[in-house]
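One structure is given here, and the rest of the page talks about it.
Protein chains: 2
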Amino acid sequence: MTAIVFNHATVRERADMLSFLHLSAERGIDTVSIWGDEITKVGEANALAALRDHGMKVSGYNRIGPFVPEYLGRAEAELERAARFGADHVFLFTGGLTEGERGLTAARWRAEDQIGRLLEMARRIGVKLAIEPLHPMLAGDRSVITSLTSANDLCEALGPGIGVVVDVYHLWWDERLEAEIMRAGRAGRLLGFHVNDWLLPTRHLLTDRGMMGDGIIDLPSIEGMMRRAGFRGAIEIEIFSTDWWARDPAELMDVAIARCQGLFSDLVYERAAQAVQLL
Amino acid sequence: MTAIVFNHATVRERADMLSFLHLSAERGIDTVSIWGDEITKVGEANALAALRDHGMKVSGYNRIGPFVPEYLGRAEAELERAARFGADHVFLFTGGLTEGERGLTAARWRAEDQIGRLLEMARRIGVKLAIEPLHPMLAGDRSVITSLTSANDLCEALGPGIGVVVDVYHLWWDERLEAEIMRAGRAGRLLGFHVNDWLLPTRHLLTDRGMMGDGIIDLPSIEGMMRRAGFRGAIEIEIFSTDWWARDPAELMDVAIARCQGLFSDLVYERAAQAVQLL
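Spelled out as structure tokens, the structure:
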């Protein structure tokens, strides 16, 4: 695996999955994180063929959820598709409250119960599940798991086959972050590390994330925690931003790679020679 | 103290401090939370006279901060003014990062150090300080204290004269909320309870709070925690909302009171007979 992985969401507004794979390959990147709905758009056979042609692996598969009542019935097919794409892990997306519901207590119990059932399926199918705690500002509508503490607690209760993904955007503010990264590392459950940045001001709760270096997150410090906790995986670039989505995807990816090279001292990234042949 | 307190911020766009006091008195409310800048607008002598004429007390005084480098020099005068207004407690507003700074570690150390110095002043002057943890989405620019856990830790380290205010908007999502409210209650440091609501969707990080009952916070449940923790104070209504600021302040206050009566079973509120005479 190269040291950098792009999540397709970063360029999805202007690059379909086939273009995204091509752009990644051009940059010597051999691993990507992908989205089920984007596979559907280009057709699964085409998506699989493109991955094979580029010799590319899949890190994260987005996503299982939201956990609406009828969802569990469809989850098995989604997990099987993630397995066909050889995904290292599948993101769980709990969703938020049900209509008219108030408070998170019941929703959290429900999500934990559903994750337990999904884990049984995932073990049978042979894919790992990943809990990515989202920012507390998204607790009502996107994820009822809003801290790495909760994610670690849940993984501990459930046993093997499930781990966590640390996204700096969602967790940078948490005074427990270092301790919880270490805790996840000791248990061998750090599955991914997503980078982007928190802008000041932030104008939108969902689509105003920053390019690494443009915001106020101490990215090298959090990378240091991940490395000290034993995480050897790639740095995954995932930026949800209307501003960056409007830019040329190739330019965006080049800027992102350069920023990572400037910020992460341990980063080993070389634009592979064979990548040039794909141009 | 009546069971309901209004924070002037709730109506400040269309009611200056004198109008706000009149509107409160009309509704039989005998305690308010006030703002230093609003006192300045109407003149301190006028503000003090109006409070006296209405026989009204002050709960919270907003605010000490942000803690920019030159701030501590001005803090003493602000604390003294809070004392002249007989405020029960003074809100600390740490502010966020300094220009170019990344991550919260240094900013948190700085804020803790400054709060320690402010507490010495406040003890001398005879006012209580209140830490109100703000939502993690405001960590970068408004408060580096984003959990009741941190606030409790800090109060514990600093000793008497400082407590916490629980605002449902900032803390409703935290899985530690009940435990930390109980911890604060055991230490006798629950100084205030602010209500409003979290709307879905939330369109702005600062000015899109909801009226109680319009959002997804389980308000009766959090009030229950406060009461079980021994909090006997008033319910303070504090809504930062461009939508509600545009409405008639009297109407807003009546709606807010009615919502509180519907949501909080223990609430004792009666529009006092003498209030009508003020109309």
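Chains A and B, in that order, are what the protein sequence lines are. Heads up, the first sequence is in the numbering used here, so the first residue is 1 and it goes up one at a time. Heads up, the second sequence is in the numbering used here, so the first residue is 280 and it goes up one at a time. Beta carbons: idealized from backbone N, C-alpha and C, even for Gly.
Any idea which residues DSSP pairs residue i with across the strands?
i               : result
Y365 of chain A : Missing from the structure shown is residue 365 of chain A; chain A here goes from 1 to 279 and no further.
E515 of chain B : B:V284, B:H473
S422 of chain B : B:G374
G210 of chain A : A:D197
S241 of chain A : A:D208
Spatial neighbours of residue i within its chain, please: CB distance less than 8 angstroms, with the 5 preceding and 5 following residues excluded, ordered by chain position.
i               : result
M416 of chain B : L484
L267 of chain A : A3, I4, I235, C260, Q261
G210 of chain A : N196, D197, W198, L199, I239, S241
E178 of chain A : M225
R176 of chain A : S147, L148, T149
Which residues in the same chain as residue i place their Cβ atom closer than 6 angstroms to its Cβ, once the five residues preceding and following it in sequence are excluded?
i               : result
R63 of chain A  : F91, F93
L162 of chain A : For the record, residue 162 of chain A in the displayed sequence is Ile; it is not Leu. Cβ within range, chain order: L119, L129, C155.
A151 of chain A : I131, P133, I145, V164
E13 of chain A  : W245
Q114 of chain A : F67
N7 of chain A   : S33, E236, E238
A256 of chain A : I237
H333 of chain B : L300, A304
M461 of chain B : A508
Q277 of chain A : Legend: pLDDT at Q277 of chain A = 38, less than 50; position of this residue unreliable, value from coordinates given subsequently. Cβ within range, chain order: n/a, list empty.
Give me the Cα-Cα distance between residue i and residue j, rounded to the nearest whole angstrom.
i               : j               : result
R396 of chain B : G352 of chain B : 11 angstroms
G230 of chain A : S221 of chain A : 15 angstroms
W35 of chain A  : R81 of chain A  : 11 angstroms
A47 of chain A  : V32 of chain A  : 12 angstroms
A401 of chain B : G438 of chain B : 13 angstroms
V321 of chain B : R363 of chain B : 16 angstroms
A87 of chain A  : G185 of chain A : 21 angstroms
E223 of chain A : A356 of chain B : 43 angstroms
V127 of chain A : S19 of chain A  : 26 angstroms
I216 of chain A : G382 of chain B : 6 angstroms
E530 of chain B : L302 of chain B : 10 angstroms
S544 of chain B : R506 of chain B : 11 angstroms
P480 of chain B : Y448 of chain B : 14 angstroms
V11 of chain A  : V337 of chain B : 53 angstroms
W452 of chain B : D174 of chain A : 13 angstroms
R468 of chain B : W388 of chain B : 22 angstroms
D243 of chain A : P249 of chain A : 12 angstroms
M532 of chain B : L358 of chain B : 29 angstroms
E459 of chain B : T428 of chain B : 6 angstroms
D30 of chain A  : A50 of chain A  : 12 angstroms
E38 of chain A  : M17 of chain A  : 6 angstroms
D167 of chain A : G192 of chain A : 8 angstroms
H194 of chain A : G233 of chain A : 11 angstroms
R403 of chain B : P69 of chain A  : 58 angstroms
E391 of chain B : H368 of chain B : 18 angstroms
R45 of chain A  : M56 of chain A  : In the sequence as displayed, the identity of residue 45 of chain A is Ala instead of Arg. So the alpha carbons of these two residues sit roughly 15 angstroms apart.
P187 of chain A : G60 of chain A  : Here residue 187 of chain A turns out to be Ala, not Pro, going by the sequence shown. Those two C-alpha atoms are separated by around 20 angstroms.
E380 of chain B : T319 of chain B : 32 angstroms
The beta strand (DSSP E) spanning residue i covers which residue range?
i               : result
V442 of chain B : A quick correction: the sequence has Gly, not Val, at residue 442 of chain B. 441-446 is the extent of the beta strand (DSSP E) around G442 of chain B.
L129 of chain A : 128-131
Spatial neighbours of residue i within its chain, please: C-beta separation below 7 angstroms, excluding the five flanking residues on both sides.
i               : result
L263 of chain A : M212, G213, L219, P220
G140 of chain A : G96, L97
G344 of chain B : Y350, L371, F372, T373, G374
R142 of chain A : G95, G96, L134
A15 of chain A  : L23, P249
A75 of chain A  : I64, L118, M121
E378 of chain B : none
T207 of chain A : F240, S241, T242
L171 of chain A : P133, L148, L177
R247 of chain A : none
Starting from residue i, follow the alpha helix (DSSP H) in both directions and report where the run begins and ends.
i               : result
L51 of chain A  : 44-53
P69 of chain A  : From DSSP, P69 of chain A is part of no alpha helix (DSSP H); its letter is neither H nor E.
S500 of chain B : 498-507
P528 of chain B : 528-542
L18 of chain A  : 17-26
A107 of chain A : 105-125
D174 of chain A : Neither: D174 of chain A is in no alpha helix (DSSP H) and is coded neither H nor E.
L433 of chain B : 427-437
Please check if any C-beta of chain C sits within less than 8 angstroms of the C-beta of residue i.
i               : result
R102 of chain A : Checking the listed chains, one finds no chain C in this structure; the protein chains it contains are A and B.
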